[in-house]
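Just below is one structure, and these are the notes that go with it.
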Amino acid sequence: MLKLASHFSLPSRLVVFNTLTQSKELFVSLRPGKVKMFVCGPTVQDYIHLGHARTYIFYDVVARYLTELGYKVRFVLNITDVDERITEEAQRTGITPLALARKYSRYFVEDMAKLKADTICRFEPMIEQVSLLIRKRHAYAMNGWVYFDVSTFPNFGKLSHQSSSELSLRPLELSVRKRDILDFALWHPETLVEGKWVSPWGVGSPSWHIQDTAVTASLLGPQYDLHGGAYELIYPHHEAEIAEGESLTSLSPFVKYWVHTGLVNIKGEKMSKSRGNVYTVRDALRTYSGDQLRMFLLSRHYRMDMDLRGIDSAAKTYSRLKRMTDKCRRAAGVASRDYDDDFLQRFSDAMNDDFDTPLALKVLGEGVASTPNLRSTAAAARRLASIRAATRILGVDLGLS
Ligand SMILES: [Zn+2]
19 MLKLASHFSL PSRLVVFNTL TQSKELFVSL RPGKVKMFVC GPTVQDYIHL
69 GHARTYIFYD VVARYLTELG YKVRFVLNIT DVDERITEEA QRTGITPLAL
119 ARKYSRYFVE DMAKLKADTI CRFEPMIEQV SLLIRKRHAY AMNGWVYFDV
169 STFPNFGKLS HQSSSELSLR PLELSVRKRD ILDFALWHPE TLVEGKWVSP
219 WGVGSPSWHI QDTAVTASLL GPQYDLHGGA YELIYPHHEA EIAEGESLTS
269 LSPFVKYWVH TGLVNIKGEK MSKSRGNVYT VRDALRTYSG DQLRMFLLSR
319 HYRMDMDLRG IDSAAKTYSR LKRMTDKCRR AAGVASRDYD DDFLQRFSDA
369 MNDDFDTPLA LKVLGEGVAS TPNLRSTAAA ARRLASIRAA TRILGVDLGL
419 S
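Residue numbers in the sequence shown follow this note's numbering, run continuously in steps of one, and reach 419 at the last position.
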C-alpha cells in the first residue's frame with residue numbers, strides 16, 4: 019500500500035478511546051512499527067446481519083488506516099464454530115453442528131468479501147491452555163467441566179469497571195458445580211456441545227471464552243496491541259479473556275487498547291436473532307451495493323449505536339459522490355504524483371481523532387464536490403490523488419482506482 023509521506027506516517031498522532039482506561043490515549047504500539055490486533059468474529063449459526071458487518075467493517079478500516087500510517091499490521095478475526103447455540107440450531111435443522119458451522123463460516127467469508135473486508139479465521143483446541151490454568155491453580159475440574167476460579171484473579175472487573183459487589187449481582191452460568199457464582203466455564207462435557215476432543219477431563223469441547231485466548235496466544239503472542247468487538251462483549255466475554263490471558267502468562271496488560279463498537283438498531287431496538295428483527299448482509303446486498311453499505315456503516319461514530327433508518331440516505335450520498343467523481347476526473351486531466359496537503363490533513367485529523375469516520379466521510383464529500391471548482395488542473399489532479407488515498411483507507415470505491 020502506498021505511504022503518503024507527511025500526512026500518514028509514523029509516529030502518528032492517532033488517538034484511540036480505550037475501554038480499559040475510559041479515556042482517549044495516544045496510540046503507541048507495543049513494538050515500534052508493528053500492530054497486532056484481534057477481533058471476536060461471529061458464532062456461525064446463521065447468516066451475519068448488519069450489526070455484525072458494522073463491527074467487522076470498522077476494524078477493517080482500522081487495519082487499513084494503521085497500514086497506511088506505516089505499521090505492519092497482523093489482524094486476526096476468529097470464527098467461533100463450536101458453541102451450544104450452533105448445536106441448538108443444528109438440531110433444529112437436522113444436520114450436524116460442525117456441518118452447520120462450516121456452512122455459515124463459508125457464507126460469512128463470502129459476505130465479507132462482498133463488503134471488501136479481509137478475514138482470517140482459525141480454530142484450535144484449547145486443552146493446553148486449560149491444563150496450564152489448572153496447574154497454576156487458576157482453574158479447577160468438576161464432573162467433566164473446568165471452571166476458571168475468579169477468586170485467583172483480583173483484577174476481574176477492570177475492563178467493565180465493576181466492583182466485586184456489582185459483579186456478584188450478575189452471576190454467570192448458574193450451576194451447582196461451581197465454587198463461586200462468578201466462575202466461568204473453560205471446558206464443557208460433550209453433553210452440551212458436539213465436540214470430539216479428548217481431554218484429561220473427559221470428551222468435550224472448549225468454552226467460547228477460552229477459544230479466543232488460545233487463538234491469540236498462538237498467533238499474536240502473550241501480549242498484543244488492540245482487541246475489538248461489540249461493546250456487549252465487554253462483560254463477561256472480554257473480562258474472561260483478560261483473566262485467562264494474564265493468569266496464563268503473568269504479563270499485564272494482556273491487551274493494550276480495548277476498542278468497542280456500538281450496535282445497529284432497527285426502530286430503536288437492537289438487531290438480534292433472538293428478537294427476530296435481523297437484517298442480514300445477504301438481504302441488504304439485494305438492495306444496496308457493498309460500497310453503499312460500507313458508507314452507511316461508517317456514517318456514525320463507531321462507539322455510538324446507529325439505526326437502520328439512515329441507510330437510504332447514506333446509499334444516495336454514495337451514488338451522488340460516485341457521479342461527481344466523473345466531473346473531478348475531467349477537471350484533473352492526467353494523474354498526479356503529488357497530493358492535496360490541506361485535504362489530506364483534514365482527512366487524517368478526522369481519522370486520528372479516535373477514527374472519526376463520519377467526519378472523514380464529510381471531508382471526503384466536500385473534497386469531491388469542490389474539485390471541479392479548483393483553480394487549476396494541477397490542483398484538481400492533486401486533489402483527485404488524495405481522494406483516491408482516502409477512499410482506499412475507508413474501503414469505499416468511488417470508481418477512481
Ligand atoms: Zn471473543
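Glycine included, each C-beta is placed from N, C-alpha and C at the ideal position.
Model, not experiment: these values are computed from the prediction.
According to DSSP, simplified to helix, strand and coil, what is residue i?
i: G247; result: strand
i: K154; result: coil
i: K54; result: strand
i: Y275; result: strand
i: K134; result: coil
i: L187; result: coil
i: N173; result: coil
i: H5; result: Lying before the first or after the last residue shown, residue 5 is absent from the chain, which here runs from 19 to 419.
i: L339; result: helix
i: G383; result: helix
i: K334; result: helix
i: L95; result: strand
i: T114; result: coil
i: G351; result: coil
i: K90; result: strand
i: G59; result: strand
i: Q180; result: coil
i: D101; result: coil
i: G417; result: coil
i: H319; result: coil
i: F76; result: helix
i: F126; result: helix
i: L237; result: helix
i: I252; result: helix
Spatial neighbours of residue i within its chain, please: C-beta separation below 7 Å, excluding the five flanking residues on both sides.
i: R195; result: M160, N161 and W163
i: I252; result: T37, L177, S178 and H278
i: V386; result: L339, M342, T343, C346 and I405
i: D198; result: V168 and S169
i: H67; result: M289, V296, Y297, T298 and V299
i: M19; result: Model confidence at M19 stands at a pLDDT of 39, short of 50, so the residue's coordinates are unreliable; what they give is reported in the following sentence. Excluding positions up to five away in sequence, the list reads T85 and E86.
i: G222; result: G162, W205, H206, P207, E208, G213 and W215
i: E257; result: F174, G175, L177 and S178
i: A248; result: T73, H278, T279 and L281
i: P218; result: S149
i: P29; result: none
I'd like to confirm the pairing. Which residues does DSSP put opposite residue i in its beta bridges?
i: D325; result: N283
i: W205; result: V164 and P224
i: S41; result: N36
i: D371; result: V33
i: W219; result: Its beta-bridge partners do not exist; DSSP assigns none.
i: F365; result: Beta-bridge pairing links F365 to no other residue.
i: K288; result: N283
i: I159; result: Looking at the sequence itself, residue 159 is Ala, so the reference to Ile does not match. DSSP lists V164 as partners of A159.
i: Y242; result: V273
i: R49; result: K52
i: T298; result: H67
With C-beta atoms as the reference, is residue i less than 7 Å away from residue j?
i: A117; j: D99; result: no
i: M144; j: I228; result: yes
i: R104; j: P115; result: A small correction: the amino acid at residue 104 is Ile; Arg does not occupy that position in the sequence shown. Result yes, Cβ atoms of I104 and P115 sit closer than 7 Å.
i: G351; j: T395; result: yes
i: T375; j: L326; result: no
i: L398; j: A353; result: First, the residue type needs correcting, since residue 398 is Ala and not Leu in the sequence shown. No; because the gap between Cβ atoms is not below 7 Å, this pair is not in contact.
i: V57; j: Y77; result: yes
i: R92; j: K54; result: yes
i: K132; j: L412; result: no
i: Y357; j: A408; result: no
i: Y336; j: D309; result: yes
i: D301; j: V34; result: no
i: V273; j: H245; result: yes
i: F171; j: D201; result: no
i: V381; j: R312; result: no
i: L482; j: G59; result: The question about residue 482 has no answer, for the chain in this structure spans 19 to 419.
i: T234; j: E262; result: no
i: E128; j: Q63; result: no
Beta-carbon within less than 6 Å of residue i's beta-carbon, same chain only, minus the 5 sequence neighbours each way: which residues are those?
i: F141; result: A caution first: F141 carries a pLDDT of 49, below 50, which makes its placement in the model unreliable, though a value can still be read off. Excluding positions up to five away in sequence, the list reads D99.
i: L281; result: G69, K288 and D323
i: R410; result: none
i: A333; result: Y306 and Q310
Flag residue i as yes when its Cβ comes closer than 6 Å to any non-hydrogen atom of ligand 3, and as no otherwise.
i: I66; result: Ligand 3 is not part of this structure, which contains only ligand 1.
For residue i, collect the residues of the same chain with a Cβ closer than 8 Å to its Cβ; drop the 5 residues on either side in sequence, then sort them by chain order.
i: L190; result: I199, L200, D201, F202 and P254
i: V80; result: M55, L244, G246, V277 and F373
i: G383; result: T335 and L339
Near ligand 1, which residues have their beta-carbon less than 5 Å from any of its heavy atoms, given in chain order? Every residue passing the under-5 Å Cβ criterion appears here: C58 and D230.
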